[in-house]
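Residue numbers (the working numbering), protein chains in the order written: chain A, 7 to 324; chain B, 37 to 323.
Remarks on the structure that follows.
Take a look at the structure:
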């Protein structure tokens, strides 16, 4: 059991980090942790249940606006972020019953459309959201934000780890592999996927609010940026969809690469992110974690590994 | 409410959507790939047209011919470098790949043309009287050229030997292969044709709309909405839906303002996705 001490060490190192890191390091870590949380939420519905979509920014942006409005109304930012999460989950609950009837590319693009509708609404309802001018908040202290987003990210990792070795996780994977067969075997597919969708919207809502508090400013272009969406998906894809460690590895790697590219080559940095995604799609579609687990990382525990390998083999043959 | 004027404006806008959406739909029909970068080819087309006409003082007609050829070449490059490797994979992978391609194209355009807006207000200025109202010449010309191109491609698909090959690959690729049709050739030609249609739409758009590097996202998404409403893979469906959506957008824009007008197009798409996912004329996606 080399795995447990190592992970505890990592968490401990992250917990004492604020006492050694400067302001630059802290803001880098806050962004990375927000992206880790987003990546894990997307992994729930996109990786485990297999309902990949391009609409997570809808929840992120809604959360940013609900949270900002609550903060401006005098609510404490932590409570406001809870409101934001609940609002995002409510939106998901309303959308879920309708949108999850769609499959594959229809669902993916339908959700992209939802995100764009939300952005248009944020621009259009300018008596509430101030339209393109945006809302200005008091910036929350980085130390507090760091622990808040760190706790959320840790919680998401632990939740995914629990889910991965649970009956529920296997049921979600069965939806991903073959929804009709899963249904026939008694998995309550509709209830499960709507539940997962709602759960996967909560954290993006919270993160949206925390991100707004971090920037001290929010406008439709920031809240609903397609780049946020692309980065999150790239992280999960690069790390490995439907794995426990995938989003973590992907997010850590992408954040570092992003930061280096952004500092060195600001003009073509986004184009290079695109190239990275292309390379991942073309040469490593199952992600780093899946690749490494088969080669070198055998010591990282995978729940019910034998079942998973069978599922993979079937997928590769198809 | 000036119903008639709005109707005409909507139909004129719809012509451009038709050209965009039909190109996108053609590619989807044959390759089952939803090309996220389609809108960005349009933006590249529009910006190149501005550079050629305003920057290098070429006639507009030359841009009308050169730009589609250039975007077709870019399309072929995408097809060779990326799309053909993932075409048989799960659909989500090709979506992600074209999403990435779109980011690359947008950011290269930003490098070349910068972030500002460019327009060709001097070309095809003025308006002509038509049915008792003044129609801007640029819009009328772009509508006519767009419809001519769309109908021309439809004729090509319906009546020529290669067009039949394209349709057979989109309906039954396995049977097309055993009938001696080169699937790769058909895919390459289709992708280039779709890219050329996007480029042409870009040139036609340049005189009336101010274009910037990020124009593609705004227009491309509307083209998705159009083909979902019309039915993925259905060529006449896309044409009809494009005109419908053009009219819808103009009316909603008049009633509720520009921003919410654009949102109505997506709302219409969402309604269609939920009520009739195949679209008005769709053949449905093959599993």
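Just so it is clear, CB atoms sit at the ideal spot from N, CA and C, and this is done for glycine as well.
These numbers were taken from a predicted model, which means no experiment stands behind them.
Point to revise | Contacts of residue 273 (chain A) in chain B (Cβ-Cβ under 9 Å) | key: Working through the first chain from its first residue, we reach residue 273 (chain A) at position 267. Listed along chain B are 143, 146 and 147, each with a C-beta nearer than 9 Å to that of residue 273 (chain A).
Point to revise | Cβ-Cβ separation, residue 141 (chain B) to residue 80 (chain B) (assumed contact under 8 Å), whole Å | key: For this step, residue 80 (chain B) is matched to residue 44 along the second chain. For this step, residue 141 (chain B) is matched to residue 105 along the second chain. Contact flag correct, Cβ pair sits at about 6 Å.
**Study point:** Own chain, CB closer than 6 Å to residue 322 (chain A), minus 5 neighbours either side, in chain order
**Key:** Residue mapping note: residue 322 (chain A) aligns to position 316 of the first chain, counting from 1. Reliability fails at residue 322 (chain A), whose pLDDT of 46 lies under 50, so the model's placement of it is uncertain and no value is given.
Check your understanding: Looking at the structure shown, is residue 121 (chain B) part of a helix, part of a strand, or coil, going by DSSP?
Key -> Walking along the second chain from the start, residue 121 (chain B) turns up at place 85. Residue 121 (chain B) falls in the helix class under three-state DSSP.
Exercise for review: Below 7 Å between beta carbons is the criterion; list the residues of the region 276 to 301 of chain A that meet it against any residue of chain B, in chain order.
Suggested key: Per Cβ criterion, the list reads 276, 277, 279, 280, 281, 283, 284, 287, 288 and 291.
Review point. Using DSSP with H/G/I as helix, E/B as strand and the rest coil, what is residue 321 (chain A)?
Key: Residue 321 (chain A) sits at position 315 when you count from the first residue of the first chain. For residue 321 (chain A), the pLDDT reaches just 47, beneath the cut-off of 50, and the residue's location in the model is therefore unreliable, although a value from the coordinates is still provided. Of the three classes helix, strand and coil, the one that applies to residue 321 (chain A) here is helix, per DSSP.
Check your understanding: Could one say the Cβ of residue 137 (chain B) lies closer than 9 Å to chain A's Cβ atoms, at least one of them?
Key -> On the second chain, residue 137 (chain B) is found 101 positions in, with the first residue counted as 1. Answer yes: the Cβ-Cβ gap between residue 137 (chain B) and chain A drops below 9 Å somewhere.
Review point. Would DSSP call residue 169 (chain B) helix, strand or coil?
Key: For the purposes of this step, residue 169 (chain B) is taken as the residue at position 133 of the second chain. DSSP places residue 169 (chain B) in strand when its eight states are reduced to three.
Check your understanding: Would you say residue 197 (chain A) reaches chain B, if we count a Cβ-Cβ gap shorter than 9 Å as a contact?
Key -> Translated into the one-based positions of the first chain, residue 197 (chain A) becomes position 191. For residue 197 (chain A), the answer is no, since every Cβ of chain B falls outside 9 Å of its Cβ.
Practice item. Please name the residue in A:20, A:59 and A:9 whose C-alpha comes closest to that of residue 242 (chain A). Key: Position 236 of the first chain holds residue 242 (chain A). Among A:20, A:59 and A:9, the Cα nearest to that of residue 242 (chain A) is on A:59.
Check your understanding: What's the call for residue 67 (chain A), buried or exposed, on a 16-neighbour Cβ count within 10 Å?
Key -> Here residue 67 (chain A) corresponds to residue number 61 of the first chain, with the count starting at 1. When all chains shown are included, residue 67 (chain A) counts as buried.
**Study point:** Cβ contact check for the region 187 to 201 of chain B and the region 87 to 104 of chain B: 3 or more pairs under 8 Å
**Key:** no
**Study point:** Alpha carbon of residue 14 (chain A) to alpha carbon of residue 190 (chain A), nearest angstrom
**Key:** If you number the first chain from 1, residue 14 (chain A) lands on position 8. If you number the first chain from 1, residue 190 (chain A) lands on position 184. Straight-line Cα distance between these residues: approximately 41 Å.
Review point. Is it the case that the Cβ atoms of residue 235 (chain A) and residue 62 (chain A) are separated by a distance below 9 Å?
Key: The count along the first chain starts at 1 and reaches residue 235 (chain A) at position 229. The count along the first chain starts at 1 and reaches residue 62 (chain A) at position 56. A contact, by the Cβ cut-off of 9 Å.
Check your understanding: Buried or exposed: where does residue 233 (chain B) fall if 16 or more other Cβ atoms within 10 Å of its Cβ makes it buried?
Key -> Stepping through the second chain from its first residue, residue 233 (chain B) is reached at position 197. Residue 233 (chain B) is buried by the Cβ-count criterion.
Review point. Should residue 218 (chain B) and residue 204 (chain B) be called a contact, given that it needs their Cβ atoms to be closer than 9 Å?
Key: Reading the second chain from its first residue, position 182 is the one you call residue 218 (chain B). Reading the second chain from its first residue, position 168 is the one you call residue 204 (chain B). At least 9 Å separates the beta-carbon of residue 218 (chain B) from that of residue 204 (chain B).
**Study point:** Under 9 Å between C-beta atoms of residue 162 (chain A) and residue 209 (chain A)
**Key:** The residue labelled residue 162 (chain A) in the question sits at position 156 within the first chain. The residue labelled residue 209 (chain A) in the question sits at position 203 within the first chain. Going by C-beta atoms, residue 162 (chain A) is nearer than 9 Å to residue 209 (chain A).
Check your understanding: Does the separation of the CB atoms of residue 70 (chain A) and residue 224 (chain A) fall below 9 Å?
Key -> Taking the first residue of the first chain as 1, we reach residue 70 (chain A) at position 64. Taking the first residue of the first chain as 1, we reach residue 224 (chain A) at position 218. Their beta carbons are under 9 Å apart, which means residue 70 (chain A) touches residue 224 (chain A) by this criterion.
Point to revise | Cut-off 7 Å between Cβ atoms - residues of its own chain near residue 140 (chain A), not counting five sequence neighbours on either side | key: Taking the first residue of the first chain as 1, we reach residue 140 (chain A) at position 134. For residue 140 (chain A), where only same-chain residues beyond five positions count, the Cβ hits under 7 Å are 223, 224 and 225.
Review point. What is the DSSP secondary structure of residue 141 (chain A), counted as helix, strand or coil?
Key: Within the first chain, numbered from 1, the residue matching residue 141 (chain A) stands at position 135. Strand.
Point to revise | According to DSSP, residues forming a beta bridge with residue 164 (chain B) | key: As a position in the second chain, residue 164 (chain B) is number 128, starting the count at 1. Partner(s): B:171.
Practice item. Report the three-state DSSP secondary structure of residue 172 (chain A) (helix, strand or coil). Key: Position 166 of the first chain holds residue 172 (chain A). Three-state result, residue 172 (chain A): coil.
Exercise for review: Note down, in chain order, all residues in the region 61 to 81 of chain B with a beta-carbon under 7 Å from any beta-carbon belonging to chain A.
Suggested key: Per Cβ criterion, the list reads 70.
Review point. Along chain A, in chain order, which residues have C-beta atoms closer than 7 Å to that of residue 127 (chain B)?
Key: The count along the second chain starts at 1 and reaches residue 127 (chain B) at position 91. Within chain A, the residues near residue 127 (chain B) are 110 and 111.
Point to revise | Same chain, Cβ closer than 8 Å to residue 112 (chain B), five either side skipped, listed in chain order | key: Within the second chain, the letter at position 76 stands for residue 112 (chain B). Excluding sequence neighbours, residue 112 (chain B) sits near 224, 227, 228 and 231.
Review point. Within the chosen definition, does the region 96 to 116 of chain A reach the region 186 to 205 of chain A through at least 3 CB pairs nearer than 8 Å?
Key: yes
Check your understanding: Helix, strand or coil: how does DSSP classify residue 57 (chain A) here?
Key -> Along the first chain, read from residue 1 onward, the residue named residue 57 (chain A) stands at position 51. Coil, per DSSP.
Review point. Using CA coordinates, which residue listed in B:284, B:290, B:56 and B:291 is at the minimum distance from residue 304 (chain B)?
Key: Counted from its first residue, the second chain places residue 304 (chain B) at position 268. The candidate whose alpha carbon is nearest that of residue 304 (chain B) is B:284.
Point to revise | Best match in A:261, A:80, A:99 and A:93 for proximity to residue 214 (chain A) [C-alpha to C-alpha] | key: Here residue 214 (chain A) is taken as the residue at index 208 of the first chain, counted from 1. Residue 214 (chain A) has its Cα closest to that of A:93, out of A:261, A:80, A:99 and A:93.
Review point. Should residue 74 (chain B) be labelled buried (16 or more other beta-carbon atoms within 10 Å of its own) or exposed?
Key: On the second chain, residue 74 (chain B) is found 38 positions in, with the first residue counted as 1. Counting Cβ neighbours within 10 Å, residue 74 (chain B) comes out buried, since at least 16 surround it.
Exercise for review: Residues of the region 56 to 73 of chain A with a CB closer than 7 Å to any CB of chain B: list them in chain order, please.
Suggested key: 58
Review point. From the beta carbon of residue 39 (chain B), is the nearest beta carbon of chain A less than 9 Å away?
Key: By 1-based counting over the second chain, the position of residue 39 (chain B) is 3. Chain A, which has no Cβ nearer than 9 Å to the Cβ of residue 39 (chain B), makes this no.
Review point. When you compare only the Cα positions, how much space is there between residue 90 (chain A) and residue 32 (chain A)?
Key: One-based indexing of the first chain puts residue 90 (chain A) at position 84. One-based indexing of the first chain puts residue 32 (chain A) at position 26. For residue 90 (chain A) and residue 32 (chain A), the distance between alpha carbons rounds to 24 Å.
Practice item. Could you work out which residue in A:218, A:150, A:263 and A:172 is closest to residue 23 (chain A) when comparing CA atoms only? Key: Stepping through the first chain from its first residue, residue 23 (chain A) is reached at position 17. Ranking A:218, A:150, A:263 and A:172 by Cα distance to residue 23 (chain A) puts A:150 first.
Practice item. Determine the direct distance from the alpha carbon of residue 281 (chain B) to that of residue 131 (chain A), and round the result to whole angstroms. Key: Mapped onto the first chain, residue 131 (chain A) falls at position 125. Mapped onto the second chain, residue 281 (chain B) falls at position 245. C-alpha separation (whole angstroms): 23 Å.
Exercise for review: Assign residue 274 (chain A) to one of three DSSP states: helix, strand, or coil.
Suggested key: Taking the first residue of the first chain as 1, we reach residue 274 (chain A) at position 268. Three-state DSSP puts residue 274 (chain A) in coil, outside helix and strand.
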